[in-house]
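Chemist:
Protein chains in written order, with my numbering: chain C, 85 to 416; chain S, 85 to 416.
1. Using a Cβ-Cβ distance cut-off of 8 Å, determine whether residue 257(S) contacts chain C.
2. Just list the residues that DSSP pairs residue 301(C) with in beta bridges.
3. What are the start and end residues of each continuous beta strand (DSSP E) run of 3 or more residues lying completely inside the segment 184 to 219 of chain C, in chain order?
4. Which runs of the beta strand (DSSP E) fall wholly inside the segment 382 to 407 of chain S and span at least 3 residues, in chain order?
5. For residue 167(S), collect the residues of the same chain with a Cβ closer than 7 Å to its Cβ; drop the 5 residues on either side in sequence, then sort them by chain order.
6. Excluding the 5 residues flanking residue 133(S) on each side, which residues of the same chain have their C-beta closer than 6 Å to its C-beta?
7. At which residue ranges does the segment 267 to 327 of chain C contain complete alpha helix (DSSP H) runs of 4 or more residues, listed in the order of the chain?
8. What residues in its chain sit with their C-beta under 6 Å from that of residue 211(S), if we drop five residues either side in the sequence?
9. Say whether the segment 324 to 344 of chain S touches the segment 268 to 277 of chain S, bearing in mind that this needs 3 or more beta-carbon pairs closer than 8 Å, one atom from each stretch.
10. Cβ of residue 296(C) within 8 Å of Cβ of residue 234(C)?
11. So, helix, strand or coil for residue 164(C), using DSSP?
12. Flag this pair as touching only if the segment 197 to 211 of chain S and the segment 116 to 132 of chain S have three or more C-beta atom pairs under 8 Å; answer yes or no.
13. Rounded to the nearest angstrom, what separates residue 154(S) and residue 221(S) at their Cα positions?
14. On the criterion of 16 or more Cβ atoms from any shown chain inside 10 Å, does residue 107(S) qualify as buried, or is it exposed?
15. Give the single residue among 152(C), 380(C), 377(C) and 326(C) whose Cα lies nearest to the Cα of residue 405(C).
16. Within the continuous beta strand (DSSP E) that includes residue 128(C), where are the two ends?
17. Looking at chain C, which residues of the segment 209 to 223 of chain S have a Cβ within less than 7 Å of any of its Cβ atoms?
18. Whose Cβ in chain S lies nearer than 8 Å to the Cβ of residue 121(C)?
19. Identify, in the order they occur along the chain, each residue of the same chain with its Cβ nearer than 7 Å to the Cβ of residue 379(C), setting aside the five sequence neighbours on each side.
20. Consider the Cβ of residue 164(S): report whether some Cβ of chain B lies at a distance smaller than 8 Å.
21. Name the chain S residues whose beta carbon is nearer than 9 Å to that of residue 347(C)?
22. Within 10 angstroms of its Cβ, does residue 354(S) collect 16 or more other Cβ (buried), or is it exposed?
23. Return the residue from the list 257(S), 105(S) and 110(S) that minimises the CA-CA distance to residue 352(S).
24. Determine, using beta carbons only, whether residue 249(S) and residue 364(S) come nearer to each other than 8 Å.
25. When the cut-off is 8 Å and only beta carbons count, does residue 305(C) lie next to chain S?
26. Touch check for the segment 134 to 152 of chain C and the segment 155 to 163 of chain S: three-plus C-beta pairs under 8 Å?
27. With residue 241(C) as the anchor, note down where its beta strand (DSSP E) starts and where it stops.
28. Could you spell out the range, first to last residue, of the beta strand (DSSP E) harbouring residue 119(C)?
29. Measuring CA to CA, which of 190(S), 239(S), 191(S) and 227(S) is closest to residue 395(S)?
30. Identify which residue in 136(S), 255(S), 110(S) and 329(S) has its Cα closest to the Cα of residue 402(S).
31. Look at residue 309(C) and residue 333(C) and say whether their C-beta atoms are less than 8 Å apart.
32. For residue 194(C), I'd like the list of residues in its chain whose CB is within less than 8 Å of its CB, leaving aside the five on either flank, ordered along the chain.
33. Take the Cβ of residue 359(S) as the centre, count every other Cβ of all protein chains shown within 10 Å, and call the residue buried at 16 or more, exposed below.
34. Report the residues of the segment 128 to 155 of chain C with a CB closer than 7 Å to any CB of chain S, ordered along the chain.
35. Considering only C-alpha positions, which residue in the set 367(C), 110(C), 274(C) and 145(C) is nearest to residue 128(S)?
36. Work out the CA separation of residue 228(S) and residue 124(S) for me, nearest whole Å.
Structure representation (structure tokens):
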């Protein structure tokens, strides 16, 4: 039960203090950080815990483990329309951690801090002896009262999604099964793209401001396109209809669609996409699409919000399927 | 690598949503929480990670594990002069978790939420398969610019400590060694008190407002009285002299002082006290003492801040010992 305190202080000084460039972090030399909220802003708070063998592989590059842990939180901020301000890092190091590993982990954080304009405010490091766990609390800000919730979707809204869907789930399948790409006719370039999408989410922060201006509801897609659409439909008390033909997918997923239809649909709902699902009033859909393109964050209209009670239906070749009653597409 | 999502949603609904009484938590139904800062306030942010077999015993009562995880964070808020506003909970459950265990864990949180006027804002639950880990991020508020740092101590300040020191360390020794109490002449009542002090910190939130009004520096004692005094001295660029005879101790520690002097001194610097160490200008020391008594949080003047460069000296029977050069009292 001993605490190797000199070790902890040395860790902070050597590895974490250089990441704590915000004055409120007090150089990580105090019990806590001081955060000065900007006038007229609300804060958005999110916390995700990632563990080895659950959310990433033990032998993933330390830089990508760090980036993934930070980015899944940044994705939540983006979905709520928030600009990142800072984060706190809780790190439980396994008994066999090395300084070299931690150096690379912190390099991953540092690169993402620059990329996404966010700073380490504080945290805690322990040695758990039980695998690696990374717990990040991220803080973002939105103009007061403008946080975009998942519960605000209205009938006649258009449902948009950013980027492409299903890549990360396919990447995980490739990671778990060395024969997956060959069996399903994926090229080496498909494989690289899909593996990368599983390893490294791309938080859609470029869209955050537009969401506060245009979206009636928004959330990130972490559990899968249909499951998360159902979450939005239930929270908003509406139905959502998705036109499967319009769901944007990468070249690899297109090949999967041709070669292994049921695997393709499973990937669409496989999760870990960290794209944004947003409901936008139809009268503003064109302006939103243009704004998103200018912000460098392509969006695709994939469906419509309807009156209803929390159901997602999918249109495929003119046929409507109720996703929930069909047991989440297990019939595909 | 599967995520048992329905399990997670059910957990949230059944166990955590009832703790999320703050409207900003959005009933834990969204990606993130919304936090509305009060005008004219800064926020204080702190994060501690606790793991079984490191910070608590696996077979400790779930209620006390929950309370300890929350309270070590509340102690940091108190030391900075902050009033608690909310917290985020990251919970990694071991593979053998049960609903009964989680129910008691949440009951512990609920009782402390009432006791300390704080609410669950959000969080994340995972199953790690690797022991229990609890990661809490707590948020408090202080009047703008009034956060009390550990770096503000000035020569001629009086050094105060709340409550009694050394109890938790003695409690841990009792916990680890069944013969400890008998060997050192501790009574059954001493033993109960000391064990309880190890299990359950008492965050000194009643003192928070007074600290913002009176203290030039403050921190909580988590690493031990002398070690943390040295942290304050180094951060403030001063020396601190502690009069050992004035350090407030419980009856059990008094008996330890008589019967096992070196163990007694080790306990004074054993950590986990979660009392507050505060430097107060001498001209205001009497008013601070009175205010603290009125707030129900007894304080004792145990030393003086002197010009210097980060050293702690202890006065014992008229003899001055430099704590750092004496290797942290290993000579006792």
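For glycine and all other residues, C-beta sits at the position ideal for the given N, C-alpha and C.
Modeler: This is what the structure holds:
1. Within the second chain, residue 257(S) is the residue found at index 173, counting from 1. Output row for residue 257(S): interface = no.
2. Your numbering for residue 301(C) matches position 217 in the first chain. Under DSSP, the beta-bridge partners assigned to residue 301(C) are 363(C).
3. 203 to 211
4. 383 to 391, 396 to 400 and 403 to 406
5. Locating residue 167(S) in the second chain gives position 83, where the first residue counts as 1. 224, 225 and 292.
6. Counting from one through the second chain, the residue named residue 133(S) turns up at place 49. The answer, listed in chain order, is 219.
7. 272 to 283, 292 to 298 and 309 to 320
8. Residue mapping note: residue 211(S) aligns to position 127 of the second chain, counting from 1. So the list reads 177, once near-sequence residues are dropped.
9. yes
10. The sequence position of residue 296(C) within the first chain is 212, counting from 1. The sequence position of residue 234(C) within the first chain is 150, counting from 1. It is not a contact, given that the beta carbons lie outside the stated cut-off.
11. As a working mapping, residue 164(C) is identified with position 80 in the first chain. It is coil, neither helix nor strand.
12. yes
13. Here residue 154(S) corresponds to residue number 70 of the second chain, with the count starting at 1. Here residue 221(S) corresponds to residue number 137 of the second chain, with the count starting at 1. C-alpha separation (whole angstroms): 9 Å.
14. Numbered from its first residue, the second chain carries residue 107(S) at position 23. Classification for residue 107(S): exposed.
15. Residue 405(C) sits at position 321 when you count from the first residue of the first chain. Of the listed residues, the one whose Cα sits closest to residue 405(C) is 326(C).
16. Position 44 of the first chain, counted from the start, is the residue given in the question as residue 128(C). 125 to 135 is the span of the beta strand (DSSP E), which, as asked, contains residue 128(C).
17. Residues passing the 7 Å Cβ filter: 210, 212, 214, 215, 217, 219 and 221.
18. Your numbering for residue 121(C) matches position 37 in the first chain. Under the 8 Å cutoff, chain S gives 121, 125, 126 and 127.
19. Taking the first chain and counting its residues from 1, one reaches residue 379(C) at position 295. Hits under 7 Å: 290, 291 and 294.
20. Looking for chain B here will not work: the only protein chains present are C and S.
21. Residue numbering aside, residue 347(C) sits at position 263 when the first chain is read from its first letter. None at all; the shortest Cβ gap to chain S is about 16 Å.
22. Position 270 of the second chain, counting from 1, holds the residue named residue 354(S). Result: buried.
23. Taking the second chain and counting its residues from 1, the one referred to as residue 352(S) is at position 268. Closest by alpha carbon: 257(S).
24. The residue given as residue 249(S) occupies position 165 in the second chain. The residue given as residue 364(S) occupies position 280 in the second chain. In this structure, residue 364(S) does not lie closer than 8 Å to residue 249(S) by Cβ.
25. For the purposes of this step, residue 305(C) is taken as residue 221 along the first chain, with counting starting at 1. It does not: the Cβ of residue 305(C) has no partner Cβ on chain S nearer than 8 Å.
26. no
27. The sequence position of residue 241(C) within the first chain is 157, counting from 1. Where residue 241(C) is concerned, the enclosing beta strand (DSSP E) stretches over 241 to 246.
28. Position 35 of the first chain, counting from 1, holds the residue named residue 119(C). Where residue 119(C) is concerned, the enclosing beta strand (DSSP E) stretches over 117 to 119.
29. Taking the second chain and counting its residues from 1, one reaches residue 395(S) at position 311. When each option's Cα is compared against that of residue 395(S), the closest is 239(S).
30. Reading the second chain from its first residue, position 318 is the one you call residue 402(S). Ranking 136(S), 255(S), 110(S) and 329(S) by Cα distance to residue 402(S) puts 329(S) first.
31. On the first chain, position 225 is the one that residue 309(C) refers to. On the first chain, position 249 is the one that residue 333(C) refers to. Their beta carbons are not under 8 Å apart, which means residue 309(C) does not touch residue 333(C) by this criterion.
32. Residue mapping note: residue 194(C) aligns to position 110 of the first chain, counting from 1. Excluding residues within five positions, the ones whose Cβ falls inside 8 Å are 102 and 103.
33. Taking the second chain and counting its residues from 1, one reaches residue 359(S) at position 275. Buried, because 16 or more other Cβ atoms sit within 10 Å of the Cβ of residue 359(S).
34. 128, 129, 130, 131, 132, 133, 135 and 138
35. Taking the first residue of the second chain as 1, we reach residue 128(S) at position 44. It is 110(C) whose Cα lies nearest to the Cα of residue 128(S).
36. Within the second chain, numbered from 1, the residue matching residue 124(S) stands at position 40. Within the second chain, numbered from 1, the residue matching residue 228(S) stands at position 144. Those two C-alpha atoms are separated by around 5 Å.
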